[in-house]
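A quick write-up on the structure given underneath.
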Amino acid sequence: MTNAALKTQSNDPSFKDLLDELQWRGLVALNTDEDALRKALNETKITYYIGFDPTAPSLHLGNLVQLLIMRRLQLAGHKPLALIGGSTGLVGDPRPTAERTLNTKETVSEWVEKLGKQASRFLSFEGDNPARLVNNLDWTAPLSAIDFLRDIGKYFRVGTMLSKDAVSARLNSEHGISYTEFSYQILQGYDYLELFRRYDCTLQMGGSDQWGNLTSGTDLIRKVEGKSVHILATPLITNSDGQKFGKSEGNAVWLDAEFTSPYAFYQFWLNVDDADVIDRLKVFTFLTKAEIEDLAKQTAEAPHLRAAQKRLALEVTTLVHSAQAAQAAIDASAALFGQGDLAALDIDTLQSALGELPNTQAAIGTPITQLLIETGLVDSISAGRRAIKEGGVYVNNEKIIDEAAVLNDLLHSKFAVLRRGKKTLAGVFAL
RNA sequence: GGCUAGUUACCCAAGUGGCCAAAGGGAACUGACUGUAAAUCAGCUGGCUCAGCCUUCGGGGGUUCGAAUCCCUCACUAGCCA
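Spelled out as structure tokens, the structure:
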């Protein structure tokens with residue numbers, strides 16, 4: 002369970018202090034009293050937390066931003082609390098679009114387990130400032146509705162609650178908002194209070210879209226305990242073209258290898274735009290300022306070599322999966338995107354490369370459309386036919402023209418490389 | 001509790017009895033150009049045993065030769081009234 006990558010990480014000593022580095026990396030969108038926060042970070046070892054709600058069976062790239070900033074603070078000697086939202090996940094934070102569908106308690110608790118394990122991979126649980134995993138269900142589950150309303154609810158003004166962006170956006174939309182999601186901010190505020198009491202936690206971090214929920218905690222602590230605590234919000238990562246970051250072919254990029262294979266993960270990073278790659282290096286790697294500036298220079302001078310993308314893909318894949326997985330992805334990429342003559346690849350290289358891809362077994366004579374479905378390259382036979390009609394399907398780099406084509410050419414009498422478009426690949430092992 | 005207006009494909013949004021598998025835009029995907037880029041241009045986007053057929057327009061029921069379109073009912077949403 003220990004992650005070898007943890008040992009090699011460090012903050013960049015060339016910065017005056019941690020906050021400077023975080024700002025340079027573009028990780029600070031908003032924060033409470035900056036001088037006080039800087040002072041706290043520089044002069045003391047504080048305890049801080051970030052919450053992750055179990056809304057899916059895996060964490061995604063947005064969560065990774067948070068995990069890495071957590072790690073950066075831990076490297077500076079501060080104590081991380083990774084909170085998995087066993088209770089908040091049951092309620093669901095208000096999204097700007099529409100009400101969430103509630104998941105069953107069983108599902109959520111399963112996800113809590115999974116996310117906890119995943120998050121643990123990015124933090125050290127050893128040394129002087131070990132990370133701690135907490136679950137807000139521990140303190141909210143025993144709370145009765147009456148206690149909740151009397152002891153906590155009394156501190157929250159509805160006017161303030163209504164003014165939060167997440168709430169007002171929903172109120173102004175045709176979807177409205179349920180009392181359940183409206184209450185979310187109270188739960189998150191209460192979490193901060195509870196962590197402040199239990200662990201003397203004085204900093205909460207989170208995405209800037211969570212600002213309303215973050216301030217809910219500081220307000221509560223000020224009212225109840227008379228103490229002023231900190232918030233640091235990270236910006237939402239967006240692509241330079243304004244599109245959502247973290248999607249590959251319309252799907253989220255997950256940290257769990259079962260949902261996004263290490264190969265697909267590697268490819269995702271390799272395909273980052275020139276315009277974005279330097280920002281990504283700052284956020285998602287522990288490379289120093291000097292190293293990143295060097296890569297920026299290389300990108301400017303020889304963009305086609307994509308040195309920055311390659312380094313980024315290597316670093317992040319190593320971090321999230323492993324050095325071995327990253328190397329396998331690199332080898333597979335080199336083989337499959339190589340000079341084009343797949344037949345020239347030797348059996349072992351081809352076999353392991355295909356193993357990195359989504360793959361399936363099939364007999365000679367199987368329709369190509371069926372193979373496309375089995376490997377997940379398309380969702381339906383119609384989509385497969387369409388893809389062929391559009392000239393976007395290749396078997397062993399040969400374009401397929403006929404919608405009814407079947408598998409017949411094999412490499413080394415064993416394999417076939419299936420491709421949709423330029424870079425979506427899958428393997429077929431002949432039976 | 002009452003009244004009014006809504007609920008359309010991934011998102012926004014047109015359509016108000018047959019010409020609707022459903023306009024338009026966004027986004028995704030594919031092709032060309034490239035660097036496994038960006039921009040641009042073109043194509044394409046329910047499913048299938050694919051020149052045809054099947055299932056879709058909040059859920060259920062009904063009217064009709066025929067419904068996304070009309071009626072009833074339920075759910076949800078917004079606004080107003082209580």
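Residue numbers for the first sequence follow the working numbering, so the first one is 2 and each next one is one higher.
Note that beta-carbon positions come from the ideal geometry of N, C-alpha and C, so glycine has one too.
Taking 9 Å as the cut-off, decide whether the C-beta atoms of Leu-233 and Tyr-50 are in contact.
-> no
Helix, strand or coil: which one does DSSP assign to Gln-371?
-> helix
Cβ-based burial, Leu-426 [other Cβ within 10 Å; buried from 16] | buried
May I have a chain-ordered list of the alpha helix (DSSP H) segments no shorter than 4 residues that lie completely inside the region 294 to 341?
-> 308 to 321 and 324 to 337
May I ask you to report which of helix, strand or coil DSSP gives Gly-385?
-> The DSSP-derived three-state label of Gly-385 is helix.
Counting Cβ pairs closer than 8 Å, one from the region 284 to 299 and one from the region 322 to 340, do we hit at least three?
-> These segments do not touch.
Go ahead and label Asp-148 buried or exposed: buried means 16 or more other beta carbons lie within 10 angstroms of its beta carbon, across all protein chains shown.
-> exposed
Can you list, in chain order, the residues of its chain whose CB lies under 8 Å from that of Glu-294, leaving out five sequence neighbours each side?
-> none
Cα-Cα separation between Thr-56 and Asp-210, rounded to whole angstroms | Thr-56 and Asp-210: Cα-Cα distance of roughly 16 Å.
Own chain, CB closer than 8 Å to Leu-38, minus 5 neighbours either side, in chain order | Leu-20, Asn-32, Leu-204, His-231 and Leu-233
Give the single residue among Phe-260, Ala-167, Asn-252 and Ile-187 whose Cα lies nearest to the Cα of Gly-208.
-> Of Phe-260, Ala-167, Asn-252 and Ile-187, the residue nearest in Cα terms is Ala-167.
For Tyr-193, which of Val-225, Tyr-180 and Ile-178 has the nearest alpha-carbon?
-> The candidate whose alpha carbon is nearest that of Tyr-193 is Val-225.
In terms of residues, what are the limits of the alpha helix (DSSP H) holding Ile-348?
-> For Ile-348, the enclosing alpha helix (DSSP H) has its first and last residue at 348 to 357.
Residue range of the beta strand (DSSP E) that includes Ile-1 = The requested residue 1 is not part of the displayed model; the chain covers only 2 to 432.
Hey, quick one: how far does the beta strand (DSSP E) through Ala-427 stretch, first residue to last?
-> 425 to 431
If you count every other CB in all the chains shown that lies within 10 Å of the CB of Leu-91, and 16 or more means buried, which is it?
-> Taking all protein chains in view, the Cβ of Leu-91 is crowded by 16 or more other Cβ atoms within 10 Å, so the residue is classified as buried.
Beta-carbon separation of Lys-423 and Leu-28 under 9 Å?
-> Taking 9 Å as the Cβ cut-off, Lys-423 and Leu-28 do not qualify as a contacting pair.
Answer yes or no: do Leu-419 and Thr-367 have a C-beta to C-beta separation smaller than 9 Å?
-> no
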